[in-house]
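This report concerns only the one structure given below.
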Amino acid sequence: MTPTEAIVLPLWVEYVKALGTPVVAFIAACVAGVIAHRQWVTAKNKLKLEFFDRRMEIYKLAVEVLDEMRRSSMSSLDSVLELEKALRSAPWIFDKKLTLYLADFCLRAVEMHKANQSTGGSQLEAYHSINDNNKVYSRERFYQAEKGQLDQEFSKFLELTH
4 MTPTEAIVLP LWVEYVKALG TPVVAFIAAC VAGVIAHRQW VTAKNKLKLE FFDRRMEIYK
64 LAVEVLDEMR RSSMSSLDSV LELEKALRSA PWIFDKKLTL YLADFCLRAV EMHKANQSTG
124 GSQLEAYHSI NDNNKVYSRE RFYQAEKGQL DQEFSKFLEL TH
């Protein structure tokens, strides 16, 4: 064989040589796409979990304040202040309705604290609700109504679905 003679390969080998690089690049792009999609799903689920955790923290604080109101042990406003501090982020993690409800809830808790302080704590058997045109409720009835309202308002925000 002389140097001027070319080696002729079968046609299928020429196709494999020509298409090998694009096929490998396409497979690598598909693998990278799958990895990127999984990272996106993971980041999305992590964000959902972080929102859930922040919402659950506020819910637990609200229930703690409500329990103190029920037991008439609102000797200080520490739990209400802690709830109000947590509510600074409420406009970004809740809708406007729940944000307004929680702000009003804090006001009612402060009013309960004032009523508790003015009567010495043990004499307080009824609480005048600001929102119900000063209807008088027993502490237990107030607690049940408020707990039901609190659970209803939070229900759509405390679902962790994927």
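Per our numbering, the sequence shown starts with residue 4, numbered consecutively. In this text, a Cβ means the ideal position worked out from N, Cα and C, and glycines have one as well.
Discussion item. Can you look up residue 83 in the DSSP assignment and give me helix, strand or coil?
Written reply: Within the sequence shown, numbered from 1, the residue matching residue 83 stands at position 80. Correct three-state label for residue 83: helix.
Discussion item. Considering only their Cβ atoms, is the gap separating residue 145 from residue 101 smaller than 8 Å?
Written reply: As a working note, residue 101 is residue 98 in the sequence shown. As a working note, residue 145 is residue 142 in the sequence shown. It is not a contact, given that the beta carbons lie outside the stated cut-off.
Worksheet entry | Residue closest to residue 111, alpha-carbon to alpha-carbon, out of 57, 85, 21, 149 | In the sequence shown, the residue the question calls residue 111 occupies position 108. Closest by alpha carbon: 149.
Worksheet item: Is any beta-carbon of chain B found at less than 8 Å from that of residue 15?
Response: Absent from the structure: chain B. Only one protein chain is present.
Discussion item. Can you tell me whether residue 97 is buried or exposed? The criterion is at least 16 other CB atoms within 10 Å of its CB, across all chains shown.
Written reply: Your numbering for residue 97 matches position 94 in the sequence shown. Looking at its Cβ environment, which holds 16 or more other Cβ atoms inside 10 Å, residue 97 is buried.
Worksheet item: With DSSP run on the structure shown, which of helix, strand or coil describes residue 157?
Response: As a position in the sequence shown, residue 157 is number 154, starting the count at 1. Helix.
Worksheet entry | Beta-carbon spacing of residue 80, residue 116 below 8 Å | Taking the sequence shown and counting its residues from 1, one reaches residue 80 at position 77. Taking the sequence shown and counting its residues from 1, one reaches residue 116 at position 113. Cβ atoms of residue 80 and residue 116: closer than 8 Å.
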